[in-house]
Structures are given as structure tokens and as C-alpha cells.
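Trainee:
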Amino acid sequence: MPATVVLLGALAVACVPAAQLLAGAAWPRRCPIAGIALWQALGLGWGLAAVGALAAFGRSGPIATGGTIGRWGVVAVLRLLSLTASIALLTLLCWILLAAIAAVLKARHRQRDLLGLLAHADPKVPGALVVDYPAAAAYCVPGLRSAIVVSAGALDLLDNDELAAVLAHERAHLRARHDLVLLPFTALLRAFRWSATARAANAEVALLVEMLADDRARRRRPARELATALLRVGVSGGGQAPVGALAATGAALDGELAARVARLLRPPPGLPFTAIVAVGVLTALLVVTPATAWLLPF
Amino acid sequence: MNRLGELERAIMEVLWVSGDPMTVRQVGGALTDRDLAHTTVMTVLDRLAKKGFVKRQRVGRAWRYRPAESREAYVAELMLTALDQTGDRQAALTRFARSVSGAEADALRAALEALGGADRG
Numbered sequence: 308m309p310a311t312v313v314l315l316g317a318l319a320v321a322c323v324p325a326a327q328l329l330a331g332a333a334w335p336r337r338c339p340i341a342g343i344a345l346w347q348a349l350g351l352g353w354g355l356a357a358v359g360a361l362a363a364f365g366r367s368g369p370i371a372t373g374g375t376i377g378r379w380g381v382v383a384v385l386r387l388l389s390l391t392a393s394i395a396l397l398t399l400l401c402w403i404l405l406a407a408i409a410a411v412l413k414a415r416h417r418q419r420d421l422l423g424l425l426a427h428a429d430p431k432v433p434g435a436l437v438v439d440y441p442a443a444a445a446y447c448v449p450g451l452r453s454a455i456v457v458s459a460g461a462l463d464l465l466d467n468d469e470l471a472a473v474l475a476h477e478r479a480h481l482r483a484r485h486d487l488v489l490l491p492f493t494a495l496l497r498a499f500r501w502s503a504t505a506r507a508a509n510a511e512v513a514l515l516v517e518m519l520a521d522d523r524a525r526r527r528r529p530a531r532e533l534a535t536a537l538l539r540v541g542v543s544g545g546g547q548a549p550v551g552a553l554a555a556t557g558a559a560l561d562g563e564l565a566a567r568v569a570r571l572l573r574p575p576p577g578l579p580f581t582a583i584v585a586v587g588v589l590t591a592l593l594v595v596t597p598a599t600a601w602l603l604p605f
Numbered sequence: 033m034n035r036l037g038e039l040e041r042a043i044m045e046v047l048w049v050s051g052d053p054m055t056v057r058q059v060g061g062a063l064t065d066r067d068l069a070h071t072t073v074m075t076v077l078d079r080l081a082k083k084g085f086v087k088r089q090r091v092g093r094a095w096r097y098r099p100a101e102s103r104e105a106y107v108a109e110l111m112l113t114a115l116d117q118t119g120d121r122q123a124a125l126t127r128f129a130r131s132v133s134g135a136e137a138d139a140l141r142a143a144l145e146a147l148g149g150a151d152r153g
């Protein structure tokens, strides 16, 4: 068996425990952008390595033909199966990405249509749209025609400084197109719903993206305003337990809000330079290694 | 917002306020201050019908239009989709903070009180 197959196979398999390790690590919260880059490299590296390993094994010798029998015949059949599996996996990964993009565009289109009919401007939140809804909520609709939406409940709940902090946070999301960071991970979750690793990766990247936006907002507004806004919106549900989809993930989400507030009030020290370099090298290796193996002659 | 979007919104308001299905002429009549051509109102109603916001039925010789859903139902749809962005759906919209409950909410409430007290002090 050629070295390429072993290398790519080992890399694909190693990506899973590595993802679980990264999901449990505390350091990405000290430098969200490095954490996000490593998550992206891990995801891309896994895909390239898994497809590449299957394809490399499939092309490592003659595939099954009518005339071959015996031990080599079995291996040839395995090569044929492996080649088929590599094409199937590549097709699946491309397909789920396209399906996720389509679903996202459809949901945003509907949001814009409804906002056009229902939302209005308010001087308290310049540039944002207000929807008359009693519960406190704020979100953004990313895209080329982006929008920040604030509920009337949030306007009542938050003071002007807190609203400005919310807007700064949402603008950071829109400007840096954080939705594009999330997209591949949500796509992966759609395909591998059963996978605890896919769920952990998705949740962790979502949290890092929020922390990144918190950091950007903190440059423009005092951290305390953002922290109290987070707390007020977070506890605004009163005693009502969230229902449906929210309840299913409730326990994990609870901790995220507390983590963001704690981080705003007591910012952790940034990563040392050497650690950032190490993460950068690891990130590059995760993508370059399988990509190079793809290009090598088999 | 563009003129067409603004007209769609104004016409939906008219239909939501009126409890009964309205003809093109009646809708135009309710927006007299805008001095809209009959065909303009018809075009906008047609667009709204294509988007599914308006339903039409023939009564006698004229088409009558009514909202497909109440304003409240659309507000609820808008906000619930936004608040339900978890897991594999959260790339579409990004939510500021989720509301929590139970012991975690109590802990956050205590943290908020501590911060609020410091603010006022």
C-alpha cells in the first residue's frame, strides 16, 4: 500500500479526536480568530484527506476486472469500492454545501420580504430595523443587502448605550461576513447530524464567532455596556423555558452566554506570539499536507 | 426602501386594517393621498399575490384581495425564525444572545444586579 494512502488515511482519522480536543480547549477563547482558522483547516483537511485516502487506495493498483480471481482479485474489488466511495464522499460534501447555501439564501430572502412589510426605523437604533414584537431580541440578516433587526421589546429593555453596543456587535458580524465562516460547519452538521464531533465543532465555531464580534464591539463601546446588554437579553425570557428546538440544546447554550459575559468583564490574556505561530503552522500543515498528497502522482 | 417596496407595505397596511376582502378600486380609494393609477395598484397587488402575502378571489366580476396571514402572524414568523437559529440553521441569521432559564438565568441575574449596583453607585 503506498505511503500516500497511509498518510491521508491517518490524517483523516486523526482529525476526529483532534476536533474533540479542540472543542474542549480553552485557548481559542483567548484568540478567537486563531481558533476559527484552525477549525476551518481541520474541516477542510479532513475532507481532503478522507476523499484523498479513498481515491489513492482505489488508484494504487489494477481495479477489479472480470479475469482476476484469488487474493489479488479481492483487493482489486476493494480498490473499486474505495474509488467509488471517494467519489460519493466528494459529491456528498459538495452537495451539502450547495444545499446549505440554498437554504440560507431562501431563509434570508423570506426575512427581507417580511421585514419590508413589517419593520420600521427608530432614532434610538440608527441604521437598524425595528419589529413590533414584545420579547427582547436582536439579530442580523447577513448578505449583500444586510440588515440589523431589533425587537420593540429590546428597545424597551435596553438603554441607549446598551443598544449602541448591540449595534456595534451586529455590525461586526455583517462587516466581517461571519456568516460565511459558519456556513460550512452548519452544512457539515446537516450531513452528519448523528455526529457528536460535528455538533461540537458547530457549537464551538458559533461561540468563537460571537466572541470575535464581542471583541470588535469592545473596541468602539465600553465592554460593560455590551455585557449588561447580553445579560438583560439573556434573562429577559423570565421564567418561560424555551420550547422546541431551543430546549433541546438549552444546557450547552446556557454556559455560552456566561462565558461571553465573563470574557467581556475580565478579558483573558492574549496568546503568546510563539503559540500563535504554532497554531498558524498547524493550520497551514492541515491543509497543505492533504492538498500536496492529492497532487502527487500515485 | 424603494418605491415599490414602500407601496407594497402601504397596501398591506390597508388590507390588514380592513377586515374584508377589497377590490383594486377600494384599495386605491383608501390611498387617495398618494393618487395612484389603477394599474399601479393592480401591479403591486399582483406582486404581493405572487409572493404569497395576498390571496385573491373572484366575487362577481371583480377580484377581491385579502391578506394571506394577519400582521401578527407574519411578525411571529419573522421573530420565531430568528430566535430559532440553532445548530444546522444558524448560518442564515446571527442572533445577539439567546435567552436562558433556570439556575443559569439566576446566576446571570445576580451578575447583572452586581453590575447595575456598581453603575448607580
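Residue numbers (our numbering), protein chains in the order written: chain A, 308 to 605; chain B, 33 to 153. Glycine residues also receive a C-beta, built at the ideal position from the N, C-alpha and C atoms.
Please classify residue 567 of chain A: is it buried, with 16 or more other beta-carbons within 10 angstroms of its beta-carbon, or exposed?
Mentor: As a first step, residue 567 of chain A is located in the first sequence; it is residue number 260 there, counting from the start. Counting Cβ neighbours within 10 Å, residue 567 of chain A comes out buried, since at least 16 surround it.
Trainee: My assumption, with CB atoms under 8 Å, is that residue 490 of chain A sits in contact with residue 594 of chain A. Please give the rounded CB distance.
Mentor: Within the first sequence, the letter at position 183 stands for residue 490 of chain A. Within the first sequence, the letter at position 287 stands for residue 594 of chain A. The C-beta separation of residue 490 of chain A from residue 594 of chain A comes to about 18 Å, leaving the pair out of contact by the 8 Å criterion.
Trainee: Check whether chain A comes within 8 Å of residue 172 of chain B, counting only Cβ atoms and requiring the distance to be less than that.
Mentor: The displayed coordinates of chain B run from 33 to 153. Any statement about residue 172 of chain B would go beyond what the structure contains.
Trainee: By the 10 Å Cβ neighbour count, where 16 or more other Cβ atoms means buried, how is residue 148 of chain B classified, buried or exposed?
Mentor: Start at 1 with the first residue of the second sequence, and residue 148 of chain B comes out as number 116. Counting Cβ neighbours within 10 Å, residue 148 of chain B comes out exposed, since fewer than 16 surround it.
Trainee: Across which residues does DSSP place residue 455 of chain A in a beta bridge pair?
Mentor: What you label residue 455 of chain A is simply residue 148 of the first sequence in a count that begins at 1. Residue 455 of chain A pairs with A/447.
Trainee: From the beta carbon of residue 97 of chain B, is the nearest beta carbon of chain A less than 8 Å away?
Mentor: Position 65 of the second sequence holds residue 97 of chain B. No, residue 97 of chain B lies away from the interface with chain A (no Cβ there is under 8 Å from its Cβ).
Trainee: If you scan the region 90-148 of chain B from start to end, which runs of the beta strand (DSSP E) of 3 or more residues do you find wholly inside it?
Mentor: The qualifying runs are 94-99.
Trainee: Does the beta carbon of residue 160 of chain B come closer than 8 Å to any beta carbon on chain A?
Mentor: This structure gives no information on residue 160 of chain B, because the portion of chain B shown stretches from 33 to 153.
Trainee: So, does the CB of residue 445 of chain A fall closer than 8 Å to a CB anywhere in chain B?
Mentor: Translated into positions along the first sequence, residue 445 of chain A becomes position 138. Yes, residue 445 of chain A lies at the interface with chain B (some Cβ there is under 8 Å from its Cβ).
Trainee: Taking 8 Å as the CB-CB limit, is residue 101 of chain B close to chain A?
Mentor: Your numbering for residue 101 of chain B matches position 69 in the second sequence. Answer no: the Cβ-Cβ gap between residue 101 of chain B and chain A never drops below 8 Å.
Trainee: Anything in the region 120-139 of chain B with a Cβ closer than 8 Å to a Cβ of chain A? List those residues in chain order, please.
Mentor: Residues passing the 8 Å Cβ filter: 120, 121, 122, 123, 124, 125, 126, 127, 128, 129, 130, 131, 132, 133, 134, 136, 137 and 139.
Trainee: Is it true that the CB of residue 442 of chain A sits closer than 8 Å to the CB of residue 458 of chain A?
Mentor: For the purposes of this step, residue 458 of chain A is taken as the residue at position 151 of the first sequence. For the purposes of this step, residue 442 of chain A is taken as the residue at position 135 of the first sequence. Yes; because the gap between Cβ atoms is below 8 Å, this pair is in contact.
Trainee: In terms of residue numbering, what span does the beta strand (DSSP E) encompassing residue 46 of chain B cover?
Mentor: Counting from one through the second sequence, the residue named residue 46 of chain B turns up at place 14. Counting along the chain, residue 46 of chain B falls outside any beta strand (DSSP E), though it belongs to the alpha helix (DSSP H) covering 35-49.
Trainee: Return the residue from the list B/131, B/133 and B/103 that minimises the CA-CA distance to residue 50 of chain B.
Mentor: Residue numbering aside, residue 50 of chain B sits at position 18 when the second sequence is read from its first letter. Of B/131, B/133 and B/103, the residue nearest in Cα terms is B/103.
Trainee: Leaving out five residues on either side along the sequence, give the residues of the same chain with a beta carbon under 6 Å from the beta carbon of residue 94 of chain B.
Mentor: As a working note, residue 94 of chain B is residue 62 in the second sequence. Excluding sequence neighbours, residue 94 of chain B sits near 55.
Trainee: Can you give me the C-alpha to C-alpha distance between residue 455 of chain A and residue 418 of chain A, rounded to a whole angstrom?
Mentor: Translated into positions along the first sequence, residue 455 of chain A becomes position 148. Translated into positions along the first sequence, residue 418 of chain A becomes position 111. Distance between the alpha carbons of residue 455 of chain A and residue 418 of chain A: 11 Å.
Trainee: Kindly indicate which three-state DSSP category residue 87 of chain B falls into: helix, strand or coil?
Mentor: Against the second sequence, residue 87 of chain B aligns to sequence position 55. Of the three classes helix, strand and coil, the one that applies to residue 87 of chain B here is strand, per DSSP.
Trainee: To the nearest angstrom, how far is it from the Cα of residue 449 of chain A to the Cα of residue 382 of chain A?
Mentor: Taking the first residue of the first sequence as 1, we reach residue 449 of chain A at position 142. Taking the first residue of the first sequence as 1, we reach residue 382 of chain A at position 75. Looking at the two C-alpha atoms, the distance is approximately 50 Å.
Trainee: Could you check how far apart the C-beta atoms of residue 60 of chain B and residue 68 of chain B are, in whole angstroms? I think they sit under 8 Å.
Mentor: By one-based count along the second sequence, residue 60 of chain B stands at place 28. By one-based count along the second sequence, residue 68 of chain B stands at place 36. Yes, they are in contact, since the Cβ atoms of residue 60 of chain B and residue 68 of chain B sit about 5 Å apart, within 8 Å.
Trainee: Leaving aside the five residues before and after residue 392 of chain A along the sequence, list all residues of the same chain whose C-beta is less than 6 Å from its C-beta, in chain order.
Mentor: Position 85 of the first sequence holds residue 392 of chain A. Within the same chain, residue 392 of chain A has close Cβ partners 361.
Trainee: Going residue by residue through the region 433-517 of chain A, where are the continuous beta strand (DSSP E) segments of at least 3 residues, counting only ones entirely within it?
Mentor: As far as the region 433-517 of chain A is concerned, its whole beta strand (DSSP E) runs of at least 3 residues are 436-438, 445-448 and 454-458.
Trainee: Among all the DSSP beta bridges, which residues are the ones paired with residue 416 of chain A?
Mentor: Here residue 416 of chain A corresponds to residue number 109 of the first sequence, with the count starting at 1. As far as DSSP is concerned, residue 416 of chain A takes part in no beta bridge.
Trainee: Between which two residues does the alpha helix (DSSP H) carrying residue 590 of chain A extend?
Mentor: Looking up residue 590 of chain A in the first sequence gives position 283. 580-602 is the span of the alpha helix (DSSP H), which, as asked, contains residue 590 of chain A.
Trainee: How long is the line joining the alpha carbons of residue 37 of chain B and residue 311 of chain A, rounded to whole angstroms?
Mentor: If you number the second sequence from 1, residue 37 of chain B lands on position 5. If you number the first sequence from 1, residue 311 of chain A lands on position 4. Near 58 Å, if we compare the C-alpha coordinates of residue 311 of chain A and residue 37 of chain B.
Trainee: Residue 44 of chain B versus chain A: which residues are under 9 Å apart at the beta carbon?
Mentor: Your numbering for residue 44 of chain B matches position 12 in the second sequence. Per Cβ cutoff of 9 Å: 424 and 425.
Trainee: What are the boundary residues of the alpha helix (DSSP H) that includes residue 340 of chain A?
Mentor: The residue given as residue 340 of chain A occupies position 33 in the first sequence. Here the alpha helix (DSSP H) through residue 340 of chain A covers 339-365.
Trainee: If residue 497 of chain A sits next to residue 406 of chain A, beta carbons under 8 Å apart, how far is it from one beta carbon to the other, in whole angstroms?
Mentor: Your numbering for residue 497 of chain A matches position 190 in the first sequence. Your numbering for residue 406 of chain A matches position 99 in the first sequence. 7 Å between Cβ atoms; contact.
Trainee: So which residues on chain B does residue 539 of chain A lean against when the C-beta distance must stay under 7 Å?
Mentor: Locating residue 539 of chain A in the first sequence gives position 232, where the first residue counts as 1. Per Cβ cutoff of 7 Å: 144.
Trainee: Are the region 498-511 of chain A and the region 319-329 of chain A touching by the rule of at least three beta carbon pairs closer than 8 Å?
Mentor: yes
Trainee: Starting from residue 418 of chain A, find everything on chain B with Cβ-Cβ shorter than 9 Å and list it in chain order.
Mentor: On the first sequence, residue 418 of chain A is found 111 positions in, with the first residue counted as 1. The answer, in chain order, is 110, 113, 114, 124 and 125.
Trainee: Would you call the CB atoms of residue 365 of chain A and residue 387 of chain A closer than 8 Å?
Mentor: In the first sequence, residue 365 of chain A corresponds to position 58, counting from 1. In the first sequence, residue 387 of chain A corresponds to position 80, counting from 1. Result yes, Cβ atoms of residue 365 of chain A and residue 387 of chain A sit closer than 8 Å.
Trainee: Straight-line CA distance for residue 413 of chain A to residue 109 of chain B?
Mentor: Here residue 413 of chain A refers to the residue found at position 106 when the first sequence is read from its first residue. Here residue 109 of chain B refers to the residue found at position 77 when the second sequence is read from its first residue. One C-alpha to the other measures close to 14 Å.
Trainee: Give me whichever residues DSSP pairs with residue 70 of chain B in a beta bridge.
Mentor: Residue mapping note: residue 70 of chain B aligns to position 38 of the second sequence, counting from 1. Partner(s): none; residue 70 of chain B has no beta bridge.
Trainee: Rounded to whole angstroms, what is the Cα-Cα separation between residue 116 of chain B and residue 385 of chain A?
Mentor: On the second sequence, position 84 is the one that residue 116 of chain B refers to. On the first sequence, position 78 is the one that residue 385 of chain A refers to. Cα atoms of residue 116 of chain B and residue 385 of chain A: separation of roughly 44 Å, rounded to the nearest angstrom.
Trainee: Can you find the residues in the same chain that come closer than 6 Å, C-beta to C-beta, to residue 553 of chain A, ignoring five residues on each side of it along the sequence?
Mentor: For the purposes of this step, residue 553 of chain A is identified with residue 246 of the first sequence, where counting begins at 1. In this prediction, residue 553 of chain A has a pLDDT of 33, which is less than 50 and means its spatial position is unreliable; what the coordinates show is noted afterwards. So no residue of the chain qualifies.
Trainee: How many angstroms separate the CA atom of residue 479 of chain A from the CA atom of residue 523 of chain A?
Mentor: Position 172 of the first sequence, counting from 1, holds the residue named residue 479 of chain A. Position 216 of the first sequence, counting from 1, holds the residue named residue 523 of chain A. Looking at the two C-alpha atoms, the distance is approximately 6 Å.
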